[in-house]
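Just below is one structure, and these are the notes that go with it.
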Amino acid sequence: MPRYQPASLDTIAAFLDAEHTAVSERATAFARTALSRPDPEDDEAARARAAGLLRELAEAQLFSCVSAGDLRGVCLTRETLAAASSMADTLYAVQALTALPLVTAGSAAQKAQWLQPLLAGTCVGAFAMTEPGAGSDVAAIATTARKDGSSWVLDGEKHLISNAGIADLYLVFAVTSPDQTHRRISAFLVPTDTPGLVFAGAQVAAAPHPLGRIRLTGCRVPLDALVDDEGVGLALGLATLDRLRPSVGAAACGMAGRALAAALKHTTTRSQFGSTLSDMPLVRDTLARMATELDAARLLVYRAAHRADTGSGRNTLAAAMAKSFATEAAQRIVDDALQLCGGVGLLAGHPVERLYRAVRGLRIYEGTTEIQRVAIARALLDD
Ligand SMILES: Cc1cc2nc3c(=O)[nH]c(=O)nc-3n(C[C@H](O)[C@H](O)[C@H](O)COP(=O)(O)OP(=O)(O)OC[C@H]3O[C@@H](n4cnc5c(N)ncnc54)[C@H](O)[C@@H]3O)c2cc1C
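Numbering-wise (the numbering used here), the sequence shown opens with residue 166 and increments by one.
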């Protein structure tokens with residue numbers, strides 16, 4: 166056993182509590198058994214597998230840290246899942262993203278009707294914020310919701326929505342006060358069988374991940390579909406993203422750790438020029454840099470998660486540093502791992518080739534790297 170283990174809990178022990186060991190063990194046991202086969206290769210197969218996999222995640226009690234609001238537990242779970250299956254990780258992440266606003270701001274009735282099934286994995290959730298005209302600039306959302314008697318009527322289009330087409334429930338962000346500059350946007354629970362809501366097509370991503378567009382046309386939901394107060398939807402959505410953002414970094418670390426392990430295996434067993442690759446100085450330099458970047462990323466991720474769990478108020482700066490650094494580092498580490506594996510690493514279905522496709526989206530979703538740096542610079546320059 167080498168003296169240094171890249172994915173060790175010891176590295177991040179300063180940020181964990183005693184009960185986190187059990188959380189990590191639960192996720193590891195699940196990954197070892199349920200995730201031993203490779204992810205589906207195409208979009209259709211991924212859609213067919215998703216609901217069953219979500220139930221398995223719930224049956225393994227992996228959502229207990231979401232209901233408890235334990236972000237370090239969510240990060241440990243995502244780090245482990247992402248190392249084994251990017252599809253399991255994204256399903257877990259989107260379910261957390263849909264459930265957390267209900268944990269923090271849902272009414273008792275909404276919790277009974279929707280939160281419990283979300284946490285039990287019997288209801289597939291989706292977080293529908295992004296639109297063709299509103300990506301990084303989420304305040305530019307054009308979907309509207311107007312009150313009409315005892316209903317809200319929603320009209321608009323969402324795209325790049327994870328679980329679109331397989332979700333049972335969409336958390337939809339829509340403008341309720343178009344004339345106001347503040348408190349313009351509200352959040353609504355829209356079941357998939359609501360007349361006027363249609364799945365407008367899949368958007369096939371590089372890694373298996375059900376993604377797509379939905380259209381809302383005169384889509385009528387009851388007044389109690391509103392989550393929290395009218396006008397606070399954007400703040401609720403952004404606070405949820407802020408809170409869960411370190412977990413995107415954790416998933417990146419999981420993928421990077423798996424890539425580093427594959428690189429170590431390959432370079433310690435492959436010989437060229439009469440010596441193993443791992444004896445060559447340039448290869449050793451690359452491995453050393455990969456391990457150091459991974460440790461740095463994990464420390465930023467669990468620092469941010471620890472702050473979110475133990476502090477009060479928004480955690481924007483630490484979360485932005487963790488997400489941007491970890492996802493960028495993971496991209497480099499996975500790329501280095503592929504390079505070290507040589508041509509076989511690029512072959513379809515090789516574990517590192519799968520990671521290469523899976524890691525890319527993390528630098529984009531839940532706020533791009535550039536948008537995280539905008540937030541970091543804003544804090545640095547105090548503007
Ligand atoms: C795999 C995946 C899953 C997703 N799942 C969901 C989901 O479930 N729900 C959901 O609502 N959305 C989801 N999204 C959408 C995602 O949140 C958006 O793609 C993301 O916020 C970026 O928006 P955009 O794609 O419109 O890019 P744009 O906002 O158009 O940005 C394009 C480029 O310009 C840069 N840029 C923009 N503004 C600035 C600035 N001020 N300064 C510097 N650079 C800037 C960006 O960083 C980026 O590099 C998902 C995306 C992906 C890839």
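By construction, the Cβ of each residue, glycine as well, lies at the ideal position given by its N, Cα and C atoms.
Computed from a predicted model, the values in this text were never measured in an experiment.
Could you tell me the alpha carbon to alpha carbon distance between residue i and residue j, rounded to whole angstroms?
i	j	result
proline 167	phenylalanine 292	42 Å
alanine 304	leucine 399	8 Å
aspartate 547	leucine 505	42 Å
leucine 381	threonine 346	24 Å
valine 318	alanine 365	19 Å
proline 446	alanine 172	24 Å
leucine 354	aspartate 389	9 Å
glutamine 537	valine 499	21 Å
alanine 544	methionine 486	11 Å
arginine 349	alanine 264	22 Å
serine 272	tryptophan 279	10 Å
lysine 312	threonine 451	59 Å
glutamate 395	aspartate 474	27 Å
valine 259	aspartate 344	31 Å
asparagine 480	aspartate 407	7 Å
phenylalanine 338	methionine 294	5 Å
leucine 200	valine 369	22 Å
serine 440	proline 203	32 Å
arginine 449	arginine 528	27 Å
leucine 401	valine 363	25 Å
leucine 503	valine 509	8 Å
alanine 274	valine 397	19 Å
alanine 461	threonine 434	27 Å
alanine 371	threonine 198	26 Å
Verify the contact flag: residue i, CB atom, against every heavy atom of ligand 1, threshold strictly below 7 Å.
i	result
alanine 305	no
glutamate 493	no
leucine 325	yes
leucine 354	no
serine 489	no
proline 438	Residue identity check: residue 438 is phenylalanine in the sequence provided, not proline. False, no ligand heavy atom lies under 7 Å from that Cβ.
glycine 532	yes
glycine 478	no
alanine 332	no
methionine 486	no
leucine 222	no
glycine 526	yes
glutamate 535	yes
leucine 256	no
serine 316	no
valine 539	yes
valine 337	no
phenylalanine 292	yes
leucine 376	yes
isoleucine 498	no
I believe residue i touches residue j by the beta-carbon criterion, under 8 Å. Please report the beta-carbon distance rounded to the nearest angstrom.
i	j	result
glutamate 322	proline 297	7 Å
threonine 308	valine 340	7 Å
serine 316	proline 387	6 Å
phenylalanine 195	alanine 225	4 Å
threonine 287	arginine 220	7 Å
threonine 533	serine 301	6 Å
alanine 253	leucine 218	6 Å
alanine 211	histidine 374	7 Å
alanine 266	threonine 405	Looking at the sequence itself, residue 266 is proline, so the reference to alanine does not match. Between threonine 405 and proline 266 the Cβ distance is about 5 Å, and since that is below 8 Å, they are a contact.
alanine 491	leucine 465	6 Å
By alpha-carbon positions, which one of the options ends up nearest to residue i?
i	options	result
leucine 376	Phe338, Ala215 and Val539	Ala215
glutamate 493	Thr481, Gly476, Leu511 and Met455	Met455
aspartate 501	Ser489, Asp182 and Val524	Val524
tyrosine 335	His324, Asp344 and Pro343	His324
arginine 463	Ala416, Glu535, Arg311 and Asp313	Ala416
histidine 515	Gln281, His431, Pro343 and Leu406	His431
leucine 391	Ser351, Ala371 and Arg410	Ser351
alanine 513	Leu181, Phe180, Asp182 and Pro205	Pro205
glutamate 458	Ala424, Leu401, Tyr530 and Val337	Ala424
alanine 285	Ala179, Asp444 and Val231	Val231
threonine 186	Ala213, Thr245 and Arg202	Thr245
glutamate 531	Asp207, Leu262, Ile177 and Gln496	Leu262
arginine 522	Ile541, Ser489, Leu429 and Met420	Met420
glycine 383	Asp333, Asn328, Asp320 and Thr405	Asp320
alanine 367	Thr176, Ser189, Ala310 and Ala332	Ala332
serine 342	Asp358, Ile326, Gly314 and Ala310	Ala310
alanine 484	Val539, Ala277 and Arg519	Val539
isoleucine 326	Arg243, Asp207 and Arg378	Arg378
arginine 519	Ala270, Ala179 and Ala247	Ala247
glutamate 535	Val517, Lys488, Ala495 and Leu511	Lys488
tyrosine 169	Gln496, Asp444 and Gly422	Gly422
Within 7 Å: the Cβ of residue i and any heavy atom of ligand 2?
i	result
threonine 481	Ligands present in the displayed structure are limited to ligand 1, and ligand 2 is not among them.
> Just checking, does the region 228-247 make contact with the region 469-477 on the three C-beta pairs under 8 Å criterion?
Replying inline: Segments in contact, yes.
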